[in-house]
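Participant: The structure that follows is given in the form of structure tokens.
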Amino acid sequence: MIHFDPPRVPTTGDAAALQQGAARKITYLRVSVTDRCNLRCRYCMPSDQDFLRPDSLLSYEQIVAVARPLVARGVNKIRITGGEPLLRRSLHTLVSMLKALPGSPEVVMTTNALLLGRHAAALKDAGLDRLNVSLDTLRPERFERLARRPGLEQALKGLDAASAAGFTNTKLNAVVMGGFNDDEIPDLLTFSAERGLQLRFIEFMPMASNGYGLDAERVPLAEILARIAAVGELVPLERGSGPASTYRLASTGQELGLIAAISMPFCDSCNRLRLTSDGILRSCLFEGGEVSVRALLADPDPDARLGEALDVLRRVKPLVHDGQGHVHMNRVGG
500 MIHFDPPRVP
510 TTGDAAALQQ
520 GAARKITYLR
530 VSVTDRCNLR
540 CRYCMPSDQD
550 FLRPDSLLSY
560 EQIVAVARPL
570 VARGVNKIRI
580 TGGEPLLRRS
590 LHTLVSMLKA
600 LPGSPEVVMT
610 TNALLLGRHA
620 AALKDAGLDR
630 LNVSLDTLRP
640 ERFERLARRP
650 GLEQALKGLD
660 AASAAGFTNT
670 KLNAVVMGGF
680 NDDEIPDLLT
690 FSAERGLQLR
700 FIEFMPMASN
710 GYGLDAERVP
720 LAEILARIAA
730 VGELVPLERG
740 SGPASTYRLA
750 STGQELGLIA
760 AISMPFCDSC
770 NRLRLTSDGI
780 LRSCLFEGGE
790 VSVRALLADP
800 DPDARLGEAL
810 DVLRRVKPLV
820 HDGQGHVHMN
830 RVGG
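Here this note's numbering = 1-based position in the sequence shown + 499.
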């Protein structure tokens, strides 16, 4: 029997009603390997964040033991996240272990790139398929103000190291924040075009980790589109299975994506689960319910129990989230 924890802030009905929802097809697992980070970005965590003890984190073997039955049941993409995932020692070992699963799922990673100069080659050799790099500003003083740490030069060197290691189709993620970096949309478009990066603008999300938006103004999707259109004509492209609406900028031919979880929730088509670094399998970034996997891994038949957890969580994903995440983003993988 799976122990199911209902949403902490239920807004779409009680847990029993949620469990009666139509089962989603889950093909994507986001795995947070640590809640620690070498930056302190204001939209991700408070400045005085307390971090989990190292001995409370899932081992690589435990992460793979969770992923294996989910891959057998349809998951074909695994994203490694944090905090900053490269703070976990020998992360390339986990990449190799995940790629060795039957079916060889696509394994990708989101990083702030500060440590890529040291690790890009080993990650490529281990089989990592692709990188997403979080970079919200190209101005050093703004980077330090946002991240509460310097690091822009190191992040740019990390991007260079990733390219030298052979990574292609790298995506650049930029959270658009009114009054902070929204005036850099043209600069980020030029930067990504020159480097061959797939730029994705992400709408700011109110979270417990950022005081529900008290320090930043959300720029809605329509305004982001208007700012891009001022640079050049946007040609809509067919939307894929992910959360981004995709476009081509006619003036440069570059493809870009917009993720607007607040203006245009994609809950009804969401195909993902999240595994936190301390072993909580969540159905949603915002809400929807969760299952602790540690007891399931200790069961005589852990694959069957994890299969049951998958069946529960794919039925409790909210039809529409309430627009506020009641967790710290660095603890659920962003």
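C-beta atoms are modelled at their ideal positions from N, C-alpha and C, and glycine is treated no differently.
1) Given a threshold of 16 other Cβ atoms within 10 Å of its Cβ, counted over all protein chains shown, does P601 qualify as buried or as exposed?
2) Give the single residue among E583, A692, I684, A728 whose Cα lies nearest to the Cα of R830.
3) Less than 9 Å between the C-beta atoms of H825 and A707, yes or no?
4) Report the option in G756, L655, T609, D777 whose CA atom is closest to the CA atom of G616.
5) Considering only DSSP beta bridges, list what F735 is partnered with.
6) Per DSSP, what are the beta-bridge partners of M608 in this structure?
7) Who are the near neighbours of M828 in its chain, counting only those whose CB is closer than 6 Å to its CB and skipping five residues on each side?
8) Tell me where the alpha helix (DSSP H) around K623 begins and ends.
9) Any contact of the stretch 679-686 with the stretch 710-730, i.e. 3+ C-beta pairs under 8 Å?
10) Name, in chain order, the residues that DSSP records as bridge partners for E716.
11) Can you list, in chain order, the residues of its chain whose CB lies under 7 Å from that of D686, leaving out five sequence neighbours each side?
12) Pair every Cβ in the stretch 528-537 with every Cβ in the stretch 557-569, then say whether three or more of these pairs are closer than 8 Å.
13) Where does R647 land, buried or exposed, given buried means 16+ other C-beta within 10 angstroms?
14) Based on the DSSP secondary-structure assignment, which residues constitute the bridge partners of F690?
15) Work out the CA separation of R781 and P506 for me, nearest whole Å.
16) Leaving out the 5 sequence neighbours to the left and right, which residues in its chain are closer than 6 Å to F700 when beta-carbon positions are compared?
17) Enumerate in chain order the residues of its own chain whose CB-to-CB distance from Q519 is below 6 Å, with the five nearest sequence positions on each side excluded.
18) Threshold first: 4 residues or longer. Then list the alpha helix (DSSP H) segments lying entirely within the stretch 515-573, N to C.
19) Below 7 Å CB to CB, which residues in the same chain sit around P764 once its five sequence neighbours on both sides are set aside?
Facilitator: Put simply:
1) Here residue 601 refers to the residue found at position 102 when the sequence shown is read from its first residue. Result: exposed.
2) If you number the sequence shown from 1, residue 830 lands on position 331. Here the closest residue by C-alpha is E583.
3) One-based indexing of the sequence shown puts residue 825 at position 326. One-based indexing of the sequence shown puts residue 707 at position 208. Closer than 9 Å, so yes.
4) What you label residue 616 is simply residue 117 of the sequence shown in a count that begins at 1. Measuring from the Cα of G616, the nearest candidate turns out to be L655.
5) Here residue 735 is taken as the residue at index 236 of the sequence shown, counted from 1. In the sequence as presented, Phe is not what sits at residue 735; that position holds Pro. DSSP output for P735 lists Y746 as bridge partner(s).
6) Position 109 of the sequence shown holds residue 608. The partner list for M608 (beta bridge, DSSP) reads I579, L630.
7) Numbered from 1 along the sequence shown, position 329 holds the residue referred to as residue 828. For M828, where only same-chain residues beyond five positions count, the Cβ hits under 6 Å are C543, M706, S708.
8) Locating residue 623 in the sequence shown gives position 124, where the first residue counts as 1. Note, K623: alpha helix (DSSP H), 615-625.
9) yes
10) What you label residue 716 is simply residue 217 of the sequence shown in a count that begins at 1. DSSP, once it has assigned bridges, lists G677 as partnering E716.
11) Taking the first residue of the sequence shown as 1, we reach residue 686 at position 187. Excluding residues within five positions, the ones whose Cβ falls inside 7 Å are L637.
12) yes
13) Indexing the sequence shown from 1 puts residue 647 at position 148. Looking at its Cβ environment, which holds fewer than 16 other Cβ atoms inside 10 Å, R647 is exposed.
14) Mapped onto the sequence shown, residue 690 falls at position 191. Bridge partners of F690: none, in fact.
15) Start at 1 with the first residue of the sequence shown, and residue 506 comes out as number 7. Start at 1 with the first residue of the sequence shown, and residue 781 comes out as number 282. Since pLDDT at P506 reaches only 39, below the 50 mark, its modelled position is unreliable, and the value read off the structure follows with that caveat. When rounded, the distance between both Cα atoms is 10 Å.
16) Position 201 of the sequence shown, counted from the first residue, corresponds to residue 700. Excluding positions up to five away in sequence, the list reads A673, V675, I723, L757.
17) Here residue 519 corresponds to residue number 20 of the sequence shown, with the count starting at 1. Caution applies to Q519, whose pLDDT of 47 falls short of 50 and renders its modelled position unreliable; the value that the coordinates give is listed next. Hits under 6 Å: none found.
18) 559-571
19) Residue mapping note: residue 764 aligns to position 265 of the sequence shown, counting from 1. Excluding residues within five positions, the ones whose Cβ falls inside 7 Å are V819, H820.
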